[in-house]
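First the structure, in the form of structure tokens, and then the observations on it.
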Amino acid sequence: MAQSIETVTAYIETVEPNWRIAYQQVLDVVSQNLPAGFELTMQYGMPTFVVPLSVFPEGYLNRVDEPLPFISLGATKRQVALYHMGLMGNEAVRSWFQEAYQEQVSTKLNMGKSCLRFTNPKRIPYELIGELVTKITLEEWLQQYQHYQKKKKNY
1 MAQSIETVTA YIETVEPNWR IAYQQVLDVV SQNLPAGFEL TMQYGMPTFV VPLSVFPEGY
61 LNRVDEPLPF ISLGATKRQV ALYHMGLMGN EAVRSWFQEA YQEQVSTKLN MGKSCLRFTN
121 PKRIPYELIG ELVTKITLEE WLQQYQHYQK KKKNY
């Protein structure tokens, strides 16, 4: 996807037709289940739920003009990807998701540090994604991020 896309609607229109419905459903599930306070915007060329600068004026990596990302949703010709920054430093939520996925979904989990990749639009666990995004509130995400930043400075 091109970085020049400026709106969520414009991004959705660029998603491959065979992925568009699944992408929209993932976006809807995240929007409907995400704890209060996050805002949907375009960041890094894709729709991203962020901590608004009005809440966290320090910004992402101390960039005062860049809100702190939490969950981004991308799409390519072969997948829908959910980038959940909270999974990187929260082992309890990460483990919960891995176990719940294995119990509920017959396909192998395709997961990176913060990325969940879904390569079959018919096998996306929407309810599980909805439950996942409820696990970390805005306040918890800010604490997790700030803890990581302090830890990083001490090295």
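Counting in the UniProt record's numbering, the sequence shown runs from 1 upward without gaps. Positions of the beta carbon are idealized from the N, C-alpha and C atoms, including for glycine.
Rounding to the nearest angstrom, what Cα-Cα distance links residue i and residue j in this structure?
| i | j | result |
| --- | --- | --- |
| tyrosine 83 | leucine 27 | 12 Å |
| residue 156 | valine 133 | Any answer about residue 156 is impossible in this case: the structure gives the chain only from 1 up to 155. |
| leucine 142 | isoleucine 136 | 10 Å |
| tryptophan 19 | lysine 150 | 39 Å |
| valine 51 | alanine 81 | 20 Å |
| isoleucine 21 | proline 67 | 28 Å |
| leucine 109 | threonine 14 | 26 Å |
| glutamine 144 | phenylalanine 70 | 11 Å |
| methionine 46 | arginine 94 | 23 Å |
| leucine 40 | valine 64 | 18 Å |
| valine 29 | glycine 130 | 5 Å |
| glutamine 24 | glutamate 103 | 25 Å |
With a threshold of 6 Å on Cβ separation, who are the neighbours of residue i within its own chain once the five nearest residues in sequence on each side are excluded?
| i | result |
| --- | --- |
| serine 31 | none |
| tyrosine 148 | Gly89 |
| glutamate 16 | Lys77 |
Buried or exposed, going by whether 16 or more other CB atoms sit within 10 Å of the CB of residue i?
| i | result |
| --- | --- |
| glycine 86 | buried |
| threonine 107 | exposed |
| serine 72 | buried |
Give me, in chain order, the residues of the same chain whose beta-carbon lies closer than 7 Å to that of residue i; leave out the 5 immediate sequence neighbours on both sides.
| i | result |
| --- | --- |
| leucine 61 | none |
| methionine 88 | Lys113, Ser114 |
| phenylalanine 38 | Phe49, Val50, Val51, Phe70, Leu138 |
Who are the Cβ neighbours of residue i in its own chain at under 8 Å, not counting the five residues just before and after it?
| i | result |
| --- | --- |
| valine 105 | Arg123, Pro125, Leu128 |
| glutamate 6 | Met42 |
So, is the C-beta of residue i closer than 9 Å to a C-beta in chain C?
| i | result |
| --- | --- |
| lysine 122 | In summary, chain C is missing from the structure at hand, where a single protein chain is found. |
Counting only runs that start and end within the UniProt domain "YdhG-like" (19–135), where is the beta strand (DSSP E) found for 3 or more residues in a row?
-> List check, beta strand (DSSP E) in window: 39–43, 46–51, 68–75, 80–84, 115–118.
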